[in-house]
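What follows is one structure encoded as structure tokens, with my remarks underneath.
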Amino acid sequence: METVRIRTPQALLRLLPRLVGDPGAPSLVALPFDDGRSGMPMVLDLPDEASAAGVARAIREGALGADAVVLVACLAGALGTDPLPLRTPLLRVVEQLEGLGVGTLELLALGPDAWGDYAHPAAARGPLAELDLLDDPAPHVAERAGIPAVPEGEGDGGEAVARWLGTLGPGDLAAAASDPLAALELAVALAPQLAQSPGAVGDAPARAAALAIALVARPAVRDLAIQVAVDGVDAAADTLAALDDAHSPASDAAASRFLGIGPPPDVPRLHERLRRWSAIAVAAPLEARAPLLVIVGFLHFFLGRGRTAGRCAELASAIDPALTMAPLLREVVDAKRAPDWVLDERGRAQVPRDRER
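Quick note: the sequence shown uses the working numbering, first residue 54, plus one each step.
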């Protein structure tokens, strides 16, 4: 494990993308430290006066053993020359953390144009361009791959997917349902080509995505898509074979995984599945998107991104109030915060630190 020494706020902000990727503004990033060694970063909602104490408790609960934190308020609006926003509730978080035995090393603001230090609110803002001029504090640590946000709006291939959804007949759906894993795997394999559809492979990506969207409206198939991402095709095939036996070992194992129980998953596969299912989700018509938001939400949860998972659940419920899996996802996130493999110290060496609160 490489040792990285951070001596200035600028160097810390320069390293932030290596630690948490894109936290998604507005948000609050908390970097815990124990005797100078960093722990698992957390991404939380920015506090207001009412939530400041709860945010501090969430940081304390998620940073067991930490004696200090660095807090970075990631803001959606430009900092400009105005007073730094949210100073009062953020200082309230710092005060609450102090009462919980956690000191605050730095309290910084990061906007799209500049950064600032709440300890010196009258000081000039630091332009983001200056961060790029600094020496790389961790030249041997690779940049984090981008992690998709909540699938919102209309993505690439949406028109073609909608056309296919309108033309699929009962025979098409019956054929796909006869081997749902194959249909899902084809859609996932072709998902990166939705942006080029129709392209070198014709309209196949849009048609495959449309079939997958239709299939995951069925709860059992939706759950298979989630299980493939966390445990692979073979485990999902075992669950499919035992579909009529709710008490089979395969069914019990799948249910436990949805609760975040068990060994760490294959993280590169999980990241790749998240990117591809997110692409399919934003290509889906809004009225058909709720099951896909559940899939994407669980994948975020499996990576420790509970904040984003919860938002996926809320959006899915808003689209389809009858979808029972969406509130279940919300309940799992609220109850566990993150899966065992993220919370467990042994899992931290294997799972990238994507944890959100």
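Glycine residues also receive a C-beta, built at the ideal position from the N, C-alpha and C atoms.
Query                                                                                                                                                                           : Result
Tell me, to the nearest whole angstrom, how far the beta carbon of residue 85 is from that of residue 116; I am working on the premise that it is less than 8 Å.                : 4 Å
Tell me whether residue 135 sits in a helix, a strand or coil according to DSSP, three-state version.                                                                           : coil
For residue 83, which option in 335, 230, 108, 394 has the closest C-alpha, if you only look at C-alpha atoms?                                                                  : 108
Starting from residue 124, follow its DSSP beta bridges and name the residues at the other end.                                                                                 : 83, 160
Which of helix, strand or coil does DSSP assign to residue 155?                                                                                                                 : coil
For residue 394, which residues does DSSP report across the bridge?                                                                                                             : In the DSSP output, where bridge partners are listed per residue, residue 394 has none listed.
Less than 8 Å separating the beta-carbons of residue 336 and residue 210?                                                                                                       : yes
Distance, Cα to Cα, residue 119 vs residue 88?                                                                                                                                  : 8 Å
Would you call the region 212-220 in contact with the region 228-244, where contact means no fewer than 3 C-beta pairs closer than 8 Å?                                         : no
With DSSP as the reference, please indicate the residues paired to residue 97 in a beta bridge.                                                                                 : 81
Whose C-alpha, out of 285, 101, 365, is nearest the C-alpha of residue 345?                                                                                                     : 365
Excluding the 5 residues preceding and the 5 following residue 185 in the sequence, name in chain order all residues of the same chain whose CB lies nearer than 6 Å to its CB. : none
Is the region 158-173 close to the region 134-145, with three or more CB pairs under 8 Å?                                                                                       : yes
When the Cα of residue 219 is compared with those of 259, 290, 181, 203, which residue comes out closest?                                                                       : 259
Span of the alpha helix (DSSP H) holding residue 337?                                                                                                                           : Per DSSP, residue 337 belongs to no alpha helix (DSSP H) and is neither H nor E.
Any contact of the region 231-242 with the region 274-283, i.e. 3+ C-beta pairs under 8 Å?                                                                                      : yes
Using three-state DSSP, classify residue 111 as helix, strand or coil.                                                                                                          : helix
Would you check if the distance between the CB atom of residue 395 and the CB atom of residue 204 is smaller than 8 Å?                                                          : no
Using CA coordinates, which residue listed in 373, 315, 287, 77 is at the minimum distance from residue 95?                                                                     : 77
Taking only the alpha-carbon atoms, compute the straight-line gap between residue 253 and residue 208 and give it to the nearest angstrom.                                      : Confidence at residue 253 is low in this model, with a pLDDT of 48, below 50, so its placement is unreliable and the value that follows should be read with caution. C-alpha separation (whole angstroms): 20 Å.
May I ask you to verify whether the region 60-77 touches the region 122-129, counting CB pairs closer than 8 Å and requiring at least 3?                                        : yes
Sort 242, 217, 347, 351 by Cα distance to residue 310 and report the nearest one.                                                                                               : 351
Return the CA-CA distance between residue 159 and residue 61, expressed in angstroms with no decimal places.                                                                    : 10 Å
Throw me the rounded Cβ distance for the residue 264 and residue 303 pair, which I believe falls under 8 Å.                                                                     : Their Cβ separation, rounded to whole angstroms, is 25 Å, which puts residue 264 and residue 303 out of contact at 8 Å.
What is the DSSP secondary structure of residue 216, reduced to helix, strand or coil?                                                                                          : helix
Counting pairs of beta carbons, one from the region 327-335 and one from the region 370-390, are three or more of them closer than 8 Å?                                         : no
Please classify residue 180 as buried or exposed, where buried requires at least 16 neighbouring CB atoms within 10 angstroms.                                                  : exposed
Using DSSP with H/G/I as helix, E/B as strand and the rest coil, what is residue 357?                                                                                           : coil
Grab me the residues of residue 134's own chain with a C-beta within less than 8 Å of its C-beta, minus the 5 sequence neighbours each way, in chain order.                     : 178
Less than 8 Å between the CB atoms is what I'm expecting for residue 65 and residue 123, so what's the real figure, rounded?                                                    : 6 Å
Take the Cβ of residue 112 as the centre, count every other Cβ of all protein chains shown within 10 Å, and call the residue buried at 16 or more, exposed below.               : buried
If you compare alpha carbons, which of 358, 325, 313 is closest to residue 412?                                                                                                 : The requested residue 412 does not occur in the structure, where the chain is confined to residues 54 to 410.
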